[in-house]
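Q:
There are 2 protein chains.
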Amino acid sequence: MPPATTRSIPENAVASGGSRPVRVAEQIKEWVVARGLRAGDRLPSEPELIERFGMAKGTIREAMRILEAQGLIKTRTGPGGGSFVHEVSMERARALLGNYFYFKNLTIADIYQLRRVLEPELAASLAGRLPDTVLAELEDNIAHYDAPAETAAEEREQHINSLRFHALLARQSENDLLAFMIDFMAQMLSDLTVYRKLYAKPNLELWSRGRDYQARLVAALRDGDSEAARRIMASHMDTAQALMQEQEAEIRRNFIPG
Amino acid sequence: MPPATTRSIPENAVASGGSRPVRVAEQIKEWVVARGLRAGDRLPSEPELIERFGMAKGTIREAMRILEAQGLIKTRTGPGGGSFVHEVSMERARALLGNYFYFKNLTIADIYQLRRVLEPELAASLAGRLPDTVLAELEDNIAHYDAPAETAAEEREQHINSLRFHALLARQSENDLLAFMIDFMAQMLSDLTVYRKLYAKPNLELWSRGRDYQARLVAALRDGDSEAARRIMASHMDTAQALMQEQEAEIRRNFIPG
DNA sequence: CCCAATTTGTTCGTATGTATC
DNA sequence: AGATACATACGAACAAATTGG
Chain L
1 MPPATTRSIP ENAVASGGSR PVRVAEQIKE WVVARGLRAG DRLPSEPELI
51 ERFGMAKGTI REAMRILEAQ GLIKTRTGPG GGSFVHEVSM ERARALLGNY
101 FYFKNLTIAD IYQLRRVLEP ELAASLAGRL PDTVLAELED NIAHYDAPAE
151 TAAEEREQHI NSLRFHALLA RQSENDLLAF MIDFMAQMLS DLTVYRKLYA
201 KPNLELWSRG RDYQARLVAA LRDGDSEAAR RIMASHMDTA QALMQEQEAE
251 IRRNFIPG
Chain X
1001 MPPATTRSIP ENAVASGGSR PVRVAEQIKE WVVARGLRAG DRLPSEPELI
1051 ERFGMAKGTI REAMRILEAQ GLIKTRTGPG GGSFVHEVSM ERARALLGNY
1101 FYFKNLTIAD IYQLRRVLEP ELAASLAGRL PDTVLAELED NIAHYDAPAE
1151 TAAEEREQHI NSLRFHALLA RQSENDLLAF MIDFMAQMLS DLTVYRKLYA
1201 KPNLELWSRG RDYQARLVAA LRDGDSEAAR RIMASHMDTA QALMQEQEAE
1251 IRRNFIPG
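Order-wise, the sequence lines are chains L and X.
Here the first sequence stands for residues 1 to 258, numbered as in our numbering.
Here the second sequence stands for residues 1001 to 1258, numbered as in our numbering.
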């Protein structure tokens, strides 16, 4: 198969675009789906794929890298090694979606427009459904920002800790879509660098109200009071947004130095 | 270009990275960010990268495939060709995130738990802000399902058209996060395969109410009546969810090509 | 229309690294 | 420790696509 490319009609009507590794990657996906392979199942070995697709090792390897980058496979060397179907992890999905928003200019207001409606929804749906271990974990987390911050660095750390509270909560949801979105937003906010104008002093009243809300929220969740949980979370979001806006927080791409 | 944060890929956090192509891809990301390259800017040529990283061509190419799979670069052959920084497209981001949910078992109820709060939010924020051209486009879209469907195929086509209405609306938002999430959910619902039980007849009343809502929504958007838009969309979501649940629609799990 | 230059795309042979038994 | 089975990496040569003369 020397010329390999009969310049007539693409063999595969679908996804005829892209280089060969891209097409091979698509075909492997289809093959996996057709066979009903699940996470952990092994893909054919490199030599087998070379044989099956009639292509060189390099081409096959590039295809595997594409699937790997998407988080769909993992590869191991050694005997019993090979490539295995892998469930895309939340971390990977977060990172890939983060790439998309890297090129957008999200504001605090943008993120809170969603948080203000999604977080209360989450809270309401979790009321009365959390085991004591999780409730304890949440209370434990609150303890990390029990006292007002005295320095900017401390305040930032508290902020990140309080976002962990929400990520923790998100993970408890049985709605994977809701869980992902809330976790993603918390991650985005964690990646922010907050610049406080020098003359803007910490608003202790807002801070203590925010802290208070989380404690009351845990209580409502334990009591199974769905509507109270919703209400409290809604107020908490108001406070949190006010705090961030007051600090004139700006989204800074956290890899840009200075 | 996103940072090659270790947080992005915690699976490999240990041992400071995976295979060489993966590390090279990360380094190229960092290099691009450090240089402040933006969409459209050209990356070094293959021979230059080989020289710069002291690695074989195949290794470099695998690295480029990784970046390409993430939607971060595009590559062209020929004079003036090479690899170029590329803004991750919404389509690509959708597909990559879709891979994550391929392994989850989202239900109609899961998606609507978010739609019910996000779509009204979108509607309210767009009221009075849409140019006549867009309003006309929306009305034009409604015309595609002006008459009740007579066959299952027709009904499915109408369903997809009505989802296009929402995708169209989403694209008008200045909040890129909200826009993406709503667009993503519409896409997920479009990808559904709807299995209607044979004995379950189309519910004409629900259908006509749904259709009516979209017309009234456009009117409210034109009038700039934000709260009416929110209310109408909320009711529309109720109807739409009822329709889908009644049809016992199921999510067809499939990788989204791209 | 063809030709030449430029740049990525693909192949093959070989050698090395790594994990399992 | 050594053999085995697998991916990983290298390098040279050639093919294909695109642009411009």
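For glycine and all other residues, C-beta sits at the position ideal for the given N, C-alpha and C.
Are the beta-carbon atoms belonging to Glu157 of chain L and Ala149 of chain L less than 9 Å from one another?
A: Stepping through the first sequence from its first residue, residue 157 of chain L is reached at position 157. Stepping through the first sequence from its first residue, residue 149 of chain L is reached at position 149. Cβ distance < 9 Å, so Glu157 of chain L and Ala149 of chain L count as in contact.
Q: On the DSSP bridge list, what partners appear for Thr1075 of chain X?
A: The residue given as residue 1075 of chain X occupies position 75 in the second sequence. Beta-bridge pairing links Thr1075 of chain X to X:Ser1083.
Q: DSSP on Arg1042 of chain X, reduced to helix/strand/coil?
A: Indexing the second sequence from 1 puts residue 1042 of chain X at position 42. Three-state DSSP puts Arg1042 of chain X in a strand.
Q: With DSSP run on the structure shown, which of helix, strand or coil describes Arg1129 of chain X?
A: Stepping through the second sequence from its first residue, residue 1129 of chain X is reached at position 129. Of the three classes helix, strand and coil, the one that applies to Arg1129 of chain X here is coil, per DSSP.
Q: Looking at the unbroken alpha helix (DSSP H) that takes in Tyr1145 of chain X, where does it start and where does it end?
A: Translated into the one-based positions of the second sequence, residue 1145 of chain X becomes position 145. Neither: Tyr1145 of chain X is in no alpha helix (DSSP H) and is coded neither H nor E.
Q: Would you mind working out which of X:Glu1205, X:Tyr1112 and X:Pro1120 sits nearest Glu1227 of chain X, comparing C-alpha positions?
A: One-based indexing of the second sequence puts residue 1227 of chain X at position 227. With distances taken between Cα atoms, Glu1227 of chain X lies closest to X:Pro1120.
Q: Are the beta-carbon atoms belonging to Ala186 of chain L and Glu139 of chain L less than 9 Å from one another?
A: Taking the first sequence and counting its residues from 1, one reaches residue 186 of chain L at position 186. Taking the first sequence and counting its residues from 1, one reaches residue 139 of chain L at position 139. No, Cβ-Cβ distance for Ala186 of chain L and Glu139 of chain L is not below 9 Å.
Q: Which residues in chain L have a C-beta closer than 8 Å to the C-beta of Leu1118 of chain X? List them in chain order.
A: Taking the first residue of the second sequence as position 1, residue 1118 of chain X is located at position 118. Contact of Leu1118 of chain X with chain L by beta-carbon distance below 8 Å involves Leu114, Val117 and Leu118.
Q: Going along the segment 1057-1089 of chain X in order, which residues come within less than 7 Å of chain L, judged by CB to CB distance?
A: Gly1058, Arg1061, Glu1062, Arg1065, Ile1066, Ala1069, Gln1070, Gly1071, Leu1072, Glu1087 and Val1088
Q: Whole angstroms are fine: how far does the CA of Met1244 of chain X sit from the CA of Tyr1199 of chain X?
A: If you number the second sequence from 1, residue 1199 of chain X lands on position 199. If you number the second sequence from 1, residue 1244 of chain X lands on position 244. Only weak support is given to the placement of Tyr1199 of chain X: the predicted model assigns it a pLDDT of 48, under 50, and the question is left unresolved by the model.
Q: What are the residues of the segment 1222-1245 of chain X that lie near chain L, defined by any Cβ-Cβ distance shorter than 9 Å?
A: none
Q: Report buried or exposed for Asp110 of chain L, applying the criterion of at least 16 other Cβ atoms within 10 angstroms of its Cβ.
A: Along the first sequence, one-based indexing puts residue 110 of chain L at 110. It is buried - the Cβ of Asp110 of chain L has at least 16 other Cβ atoms within 10 Å.
Q: Would Asn99 of chain L and Val1088 of chain X qualify as a contact pair, given that the criterion is a beta-carbon distance under 9 Å?
A: For the purposes of this step, residue 99 of chain L is taken as the residue at position 99 of the first sequence. For the purposes of this step, residue 1088 of chain X is taken as the residue at position 88 of the second sequence. Result yes, Cβ atoms of Asn99 of chain L and Val1088 of chain X sit closer than 9 Å.
Q: For a cutoff of 9 Å on Cβ pairs, would you count Pro1021 of chain X as touching chain L?
A: Here residue 1021 of chain X refers to the residue found at position 21 when the second sequence is read from its first residue. True, the Cβ-Cβ gap to chain L drops below 9 Å.
Q: Could you list the residues in the segment 93-112 of chain L with a C-beta less than 9 Å from some C-beta on chain X, going in chain order?
A: Ala93, Arg94, Ala95, Leu96, Leu97, Gly98, Asn99, Tyr100, Phe101, Tyr102, Phe103, Lys104, Asn105, Leu106, Thr107, Ala109, Asp110 and Ile111
Q: Consult DSSP for Ser1019 of chain X and reduce its assignment to one of helix, strand or coil.
A: Position 19 of the second sequence holds residue 1019 of chain X. Here Ser1019 of chain X sits in coil by DSSP.
Q: Output, in chain order, the set of chain X residues within a Cβ distance shorter than 9 Å of Leu178 of chain L.
A: Indexing the first sequence from 1 puts residue 178 of chain L at position 178. The answer, in chain order, is Asp1110, Gln1113 and Leu1114.
Q: For Glu68 of chain L, does the three-state DSSP call read helix, strand or coil?
A: Counting from one through the first sequence, the residue named residue 68 of chain L turns up at place 68. DSSP places Glu68 of chain L in helix when its eight states are reduced to three.
Q: Less than 9 Å separating the beta-carbons of Ala147 of chain L and Gly224 of chain L?
A: Residue numbering aside, residue 147 of chain L sits at position 147 when the first sequence is read from its first letter. Residue numbering aside, residue 224 of chain L sits at position 224 when the first sequence is read from its first letter. Their beta carbons are not under 9 Å apart, which means Ala147 of chain L does not touch Gly224 of chain L by this criterion.
Q: Counting only beta-carbon separations shorter than 9 Å, does Gly258 of chain L have a partner in chain X?
A: Looking up residue 258 of chain L in the first sequence gives position 258. In this prediction, Gly258 of chain L has a pLDDT of 34, which is less than 50 and means its spatial position is unreliable; what the coordinates show is noted afterwards. Not closer than 9 Å to any Cβ of chain X, the Cβ of Gly258 of chain L fails to qualify, so no.
Q: Note down, in chain order, every chain X residue with its Cβ under 9 Å from the Cβ of Glu121 of chain L.
A: Your numbering for residue 121 of chain L matches position 121 in the first sequence. Neighbours of Glu121 of chain L on chain X, chain order: Gln1113, Leu1114, Arg1116 and Val1117.
Q: Leaving out five residues before and five after Arg115 of chain L in sequence, what residues of the same chain have Cβ atoms less than 7 Å from its Cβ?
A: Taking the first residue of the first sequence as 1, we reach residue 115 of chain L at position 115. Hits under 7 Å: Met185 and Met237.
Q: Just confirm the distance between the C-beta atoms of Thr59 of chain L and Val32 of chain L, as a whole number of angstroms; I'd bet it's less than 8 Å.
A: To locate residue 59 of chain L, count along the first sequence from 1; it is residue 59. To locate residue 32 of chain L, count along the first sequence from 1; it is residue 32. 18 Å between Cβ atoms; not a contact.
Q: With distances taken between CB atoms, is the gap from Arg1065 of chain X to Ala219 of chain L smaller than 9 Å?
A: Working through the second sequence from its first residue, we reach residue 1065 of chain X at position 65. Working through the first sequence from its first residue, we reach residue 219 of chain L at position 219. Not a contact, by the Cβ cut-off of 9 Å.
Q: So, for Ile1028 of chain X: in the same chain, excluding its five sequence neighbours on each side, which residues have a beta-carbon less than 6 Å away from its beta-carbon?
A: Working through the second sequence from its first residue, we reach residue 1028 of chain X at position 28. Correct list: empty, nothing qualifies.
Q: How far does the alpha helix (DSSP H) with Met1185 of chain X in it extend, from its first residue to its last?
A: Along the second sequence, read from residue 1 onward, the residue named residue 1185 of chain X stands at position 185. Run containing Met1185 of chain X: Asp1176 to Ser1190, per the alpha helix (DSSP H) assignment.
Q: If distances are taken between C-alpha atoms only, which option among L:Ala153, L:Ala93 and L:Leu49 comes closest to Gln70 of chain L?
A: Here the question's residue 70 of chain L lines up with position 70 in the first sequence. For the residues L:Ala153, L:Ala93 and L:Leu49, the minimum Cα distance to Gln70 of chain L belongs to L:Ala93.
Q: Looking only at C-alpha atoms, which of L:Ile50, L:Thr75 and L:Pro44 sits nearest to Val1022 of chain X?
A: Within the second sequence, residue 1022 of chain X is the residue found at index 22, counting from 1. Among L:Ile50, L:Thr75 and L:Pro44, the Cα nearest to that of Val1022 of chain X belongs to L:Thr75.
Q: What three-state label does DSSP hand Met237 of chain L in the structure shown?
A: Here the question's residue 237 of chain L lines up with position 237 in the first sequence. Three-state result, Met237 of chain L: helix.
Q: Mind pulling the chain X residues with CB within less than 7 Å of Ala39 of chain L?
A: Numbered from 1 along the first sequence, position 39 holds the residue referred to as residue 39 of chain L. Those within 7 Å of Ala39 of chain L in chain X are Phe1103.
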